[in-house]
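Comments concern the structure below.
Residue numbers (my numbering), protein chains in the order written: chain A, 3 to 413; chain B, 392 to 996.
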């Protein structure tokens, strides 16, 4: 007779899982316990700070500053309409993406993430913000309605590009205004000086402009760097390496000093925003060029040879064969760069622009904030962390998903 | 294109405007012309507008006297006498100071987090993941502001109530001060010995290496080399230290009013420092004071986001530094009439003034916050600290100075000087102007030291003295840079380790290596080959990101160049200087790192 043996150790359930993943050896157990204590203490302190100690009323009281800075209150509907237009286009693009083969679910995932934020703002608006009570609700409705429109009418995808161009131009006109301010001081369409733009709106404007404008420039520089013509090649290399060799903050200073000098204008004639946009575009273009170069290198040589065999000219080859493949491969890198630029816009404070980061510095020195014991810098920086993180985190996940789907970076 | 042309004759028939080479050359010429025209346009514009606005465009300002106070400098810098060029150099060195240490720490932390993310321990993995996902997706600017203005300047205690670190360091909202070894007057005598030790170590290494190769057995040539170096340098150190004598004509003085200890070489024996007589750095001295008195006011402070009421803080005096110390009210009768009492947190340096409201004879929390006329919450009254036989050993810094707390003479009961803040405890011109006040009886003796002298920090008041100190601005910037960059490095490390084929681990197990050996000797070296090139660009990013030092108030290149630009109006040259120095640093960094990288990379199969 074989003696009865004990049953084998369980391999599923909570206890075995804990044993395998946290307490597999004595050292592992000690580490796990210490780590657990660390996590519990951190969470406890954070919880206590957020819910009991923090003076969040100062952040709440300055929501308008954080959003649009000193943009005139009576014209607030204009940036909000611009928000409705762009969020509508985002919704439409996401809706249309559901029909495409790849990238669709990723885009939809991003859409829901941002819709959650817009919906939250709509609820907050309905309850608290009297002056713009229904505005965010409209933005949220535009967002979700356009999503389902895109889902229902796939034919719109042919027009999507043009809709974006028109939408962005319209948004810009809405924010900037069309009528001179001095003749009609109360007009609903009067100019709003760029000095009054600010807050998160400015952060988005600078990063969106930077990434869009640097795109063609970056492609040109990347092609230039791969070119066989020595002048173009060394010019591109020189530009890329010099721009990448110094930090953005230095280029921002340079732009603010040099742009008026280069154009032989007095410094106050060229608003700080335009100088910053110039610096950000050129800076971003150098990095974009390096990303695109990586994509160009990934296109197999056979593709170019096949194009030559078909009798395509060098330009046709680049435009129709090489670039489409190269750019497809670098989408994740470009998303990554967009996140980087979005974070880097926080540096525009050095030339006096009031993006959301600068607003936090302004709020921290308001008399009411200084009255609070120890100041409210901790609250403000945590608030900024949450805002920046909400956008960057989801985009970086999307970038990784795209990378996986395109098979880039897989060995 | 050329594929179509079957012979050279056919190529010649192509008209010049369709010849690829011709088009290329033409395009380049046109490009150059446009570029030159644009350049000429811009240069003329710049020159004309510079002239119009009367902005200096040359670098002649660099040799002028700077007059910029810089709180933190790796080299000796005097804002009164040094030039703009030297001020800018301080900025460059400060950038290097934060980036070099930052690179080392970020690599260590990055590898640690990267390994944690791959660990089999679930909770470690989660901590690392949360760390990376939060830090990577938040701007560095926010993190710098968070660490400096929200944490390091606010949470640590103030300088008169510092955290005392093991070994004699201090930590407060002024930053960190650590005991540090400095070369003393004898160091130059030791230097030849050190070089000899190094040479001997190299000889030992070479000898042992040849032995190992000859024996064809595994071995490590490093231990004998290191042992030789340590043995020779230590032996010579103690030899020199035992026969050490103080330099001839060394004079150490103390200014009884400011408490500044100064050491110099009095070459003509006239008892005072003449213009040509050099001060001596890092001289250890014993300072003795028979009796002295300090006064402070109690005050209400904001500390660690809380209000601290009615506290008094004398400069920290340790228990072994005096025979007897008594703290009392400057006006004991009035205090008694008010019913005030003193409670010590740290006798005799720190305590609180309170009123025994519940008459239990001791201090209860809340009793320092008594209201008087319903309005006064804190209480401001003057306290005196009388001390007997105060003694402290100080080491002069690189300016030849050291400091002790500022004392008054004990008979100075009529002390009228109103000193409210801790920063006015010394250095200010307010006190001791009265002719009647007697001089304090100091006894200052220089002490014999070996080639190295240990300088311990002391008296953190408005700044640290002695030892090596790191300001809160520096620490905040360093911390933010390290934490931010480490999150990127950890991702590189993770990807690199995952890219090492699994067969390598299995093979290592098969030859009997344990887990740690497998990682150290098999996985990590191979992963490093993959990690190194992107890591170099992260190091460069860290260096460039140190330009955000302005947010921490750390005087690096951009900050100093902008101050210079604002003072002189020479914004154009200073911006060229900024770009020039970053490009130099970047390229030097890239060259060094690529050299290391090419040395490390195994030749491709």
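Note that the Cβ used here is the ideal one computed from N, Cα and C, for glycine as well. As the structure is a computational prediction, the values presented were derived from the model and not from experiment.
- DSSP, read as helix, strand or coil, puts residue 100 of chain A in coil.
- Residue 745 of chain B and residue 795 of chain B have their alpha carbons spaced roughly 29 Å apart.
- Between the alpha carbons of residue 730 of chain B and residue 760 of chain B lies a gap of roughly 14 Å.
- DSSP lists B:846 as the bridge partner or partners of residue 571 of chain B.
- A straight-line Cα-Cα distance of about 57 Å links residue 471 of chain B and residue 133 of chain A.
- Against chain A, the CB of residue 786 of chain B has no partner CB under 9 Å away; the residue lies outside that interface.
- Taking C-beta atoms under 8 Å as the contact rule, residue 771 of chain B and residue 693 of chain B fail to qualify, at a distance of about 15 Å.
- From the listed residues A:375, A:385 and A:368, the smallest Cα separation to residue 358 of chain A is found for A:385.
- Here residue 833 of chain B has 645, 647, 678, 679 and 680 as same chain residues with Cβ atoms under 8 Å from its own Cβ, once five neighbours each way along the sequence are excluded.
- In terms of Cα proximity to residue 394 of chain A, the closest of B:530, B:505, B:417 and B:946 is B:530.
- Assigned with DSSP and collapsed to three states, residue 141 of chain A falls in helix.
- Under the Cβ distance rule, residue 237 of chain A counts among the residues neighbouring chain B, one pair being separated by less than 9 Å.
- DSSP places residue 900 of chain B in no beta strand (DSSP E) but in the uninterrupted alpha helix (DSSP H) bounded by 893–901.
- Put simply, the CB of residue 513 of chain B is near chain A, with a gap under 9 Å to one of its CB atoms.
- The criterion of a C-beta distance shorter than 9 Å is satisfied by residue 577 of chain B and residue 631 of chain B.
- Of the other Cβ atoms in all chains shown, fewer than 16 fall within 10 Å of the Cβ of residue 47 of chain A; this residue is therefore exposed.
- For the pair residue 77 of chain A and residue 200 of chain A, the CB atoms are not nearer than the 9 Å cut-off.
- When DSSP states are grouped into helix, strand and coil, residue 716 of chain B belongs to the strand group.
- With a cutoff of 9 Å on beta-carbon distance, residue 387 of chain A and residue 202 of chain A are scored as not near each other.
- Apart from sequence neighbours up to five positions away, the residues of its chain that approach residue 339 of chain A with a beta-carbon distance below 8 Å are 213, 286, 289, 290 and 293, ordered along the chain.
- If you draw a straight line from the Cα of residue 799 of chain B to the Cα of residue 554 of chain B, it comes to about 27 Å.
- Neighbourhood of residue 352 of chain A in chain B, by CB distance below 8 Å: 941, in chain order.
- The alpha-carbon of residue 671 of chain B is positioned some 5 Å away from that of residue 791 of chain B.
- Residue 980 of chain B: member of the alpha helix (DSSP H) spanning 962–991, first to last residue.
- Within the region 508–583 of chain B, the runs of alpha helix (DSSP H) that reach at least 4 residues and sit entirely inside it are, in chain order, 513–527 and 531–536.
- No Cβ of chain B is located within less than 9 Å of the beta carbon of residue 270 of chain A.
- Leaving aside the five residues that flank residue 98 of chain A on each side, the residues in its chain whose CB is nearer than 7 Å to its CB run, in chain order, 152, 156, 158, 159 and 162.
- Across the set B:477, B:724, B:623 and B:438, the C-alpha of B:623 shows the shortest separation from the C-alpha of residue 587 of chain B.
- Between residue 916 of chain B and residue 574 of chain B, the C-beta spacing is not below 9 Å.
- Sequence-distant Cβ neighbours of residue 401 of chain A in its own chain, meaning closer than 6 Å and more than five residues away, are 334, 337 and 338.
- Inclusion of residue 876 of chain B and residue 939 of chain B in the CB contact set at 9 Å is not warranted, their separation being larger than that value.
- For residue 532 of chain B, the C-beta contacts it makes with chain A under 7 Å involve 348, 349 and 359, in order along the chain.
- Using a Cβ-Cβ cut-off of 9 Å, residue 267 of chain A counts as an interface residue toward chain B, since at least one Cβ of chain B sits closer than that to its own.
- In the DSSP annotation of this structure, the continuous segment of the alpha helix (DSSP H) that includes residue 362 of chain A starts and ends at 358–366.
- Neighbours of residue 391 of chain A across chain B, judged by C-beta separation under 9 Å: 524, 525, 528 and 529.
- Fewer than three beta-carbon pairs drawn from the region 411–419 of chain B and the region 237–253 of chain A are found closer than 8 Å, and the two stretches are therefore not classed as touching.
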